[in-house]
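Presented below is the structure to which this report refers.
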Amino acid sequence: MHHSSYEQINPDFLIGKLRYEIASLKDSDRIRIFLDEYFCTREPLQVALEVTPEEIHEQYDSVLPSVLSKPVSILGFEKNELVCICLNSIQELSSENRHDPICDSFNVLKDDYSQVEEFVQS
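With UniProt numbering, the residue at position 58 of the sequence shown is 58, and numbering never jumps.
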């Protein structure tokens, strides 16, 4: 069995050390602060374009409400400090749009949304 060198040094890396919570609209301010501190300053495209947090706040305002309206985004905490986020969204497509050009280029089938609909409704 192959192990990475980091696993050999510390096989229990973060096991049991992170607490995960489903993100909601009440977390918007906390997420904005996290994005300002980490995403704007480290994400390669943001850095290359020299985007400041102030310039991207308008984008946050347009994206966060839809991203946080369904229980599909996750916040990760170490103790009480937010250390990671995974922002997701689900867009429902009408029957005629289930094969959009982007998905078709990756051969992604979009014909069974039954599990997604069950998750969103719960």
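Don't be surprised by glycine CBs; every beta carbon is placed ideally from N, CA and C. The model shown is predicted, which means the values in this text are computed figures rather than measured ones.
Check: Could you give the C-beta distance for V38 and L75, rounded to a whole number, given that I count them as a contact under 8 Å?; Outcome: One detail in the question is off: residue 38 reads as Tyr in this sequence, not Val. Not a contact, Cβ separation roughly 13 Å.
Check: Put V67 into one of helix, strand or coil per three-state DSSP.; Outcome: helix
Check: Please name the residue or residues paired with E21 in a DSSP beta bridge.; Outcome: L75
Check: Out of K17, F77, D36, which has the shortest C-alpha to C-alpha gap to Y60?; Outcome: D36
Check: Put V51 into one of helix, strand or coil per three-state DSSP.; Outcome: coil
Check: Can you name, in chain order, every residue of its own chain whose Cβ lies under 8 Å from the Cβ of S69, other than the five neighbours on each side?; Outcome: L25
Check: Measuring only the C-alpha atoms, how far is I31 from E58?; Outcome: 14 Å
Check: Which stretch, first to last residue, makes up the beta strand (DSSP E) that contains I85?; Outcome: 81–86
Check: Among residues of its own chain, excluding the 5 on either side of I56, which ones have a beta-carbon nearer than 7 Å to its beta-carbon?; Outcome: C40
Check: Are I15 and P71 closer than 8 Å when you measure CB to CB?; Outcome: no
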